[in-house]
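*Asks:*
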Amino acid sequence: MLNNSGDVARVDGQLAVARAFGDKSLKEHLSSVPDVSLEMIDEGTEFFILGSDGLWVVMSNQEAVDSIKEIKDPQVAAKHLAEEALSRKSRDDISCVVV
308 MLNNSGDVAR VDGQLAVARA FGDKSLKEHL SSVPDVSLEM IDEGTEFFIL GSDGLWVVMS
368 NQEAVDSIKE IKDPQVAAKH LAEEALSRKS RDDISCVVV
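Counted the way our numbering counts, the sequence shown spans residues 308 to 406.
See the structure below:
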């Protein structure tokens, strides 16, 4: 893996990780096993944020939560996070869903 400052991690300096799965010549450098974590969701959970690295590379979990905690509409909240990531000069694709 190679990660230039401000750029996404790339396999052998070529392919962005999200696009590298299935690329035969780089298979030895990759694992298709996802990182998985279990989070308990109960009546106290107000919302959760699913975001791509384009969001998380420029914003901490707490910054994201603080940024949208007063927004009631999840679609508006997701758009706000994406726009905030852009304003912070994120250079990667930005995907965000608030549930």
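No residue lacks a Cβ here, since even glycine has one placed at the ideal position from N, Cα and C.
Just so it is clear, the structure is predicted and the values come from calculations on it, not from any experiment.
#1: Looking only at its own chain, which residues have a Cβ that is under 6 Å from the Cβ of Val405, when we skip the five neighbours before and after it?
#2: Three or more C-beta pairs closer than 8 Å, one from the region 361-379 and one from the region 339-346: is that the case here?
#3: What residue ranges within the region 345-403 form continuous alpha helix (DSSP H) runs of no fewer than 4 residues, ordered along the chain?
#4: Rounded to the nearest angstrom, what separates Ile378 and His387 at their Cα positions?
#5: Measuring straight from C-alpha to C-alpha, what distance separates Ala389 and Cys403?
#6: Taking all protein chains shown into account, do 16 or more other C-beta atoms lie within 10 angstroms of the C-beta of Ile401, making it buried, or fewer, making it exposed?
*Replies:* According to the data block:
#1: Phe354, Ile356, Pro381, Ala384 and Ala385
#2: no
#3: Complete alpha helix (DSSP H) runs here, min 4: 360-363, 368-375 and 381-394.
#4: 9 Å
#5: 7 Å
#6: buried
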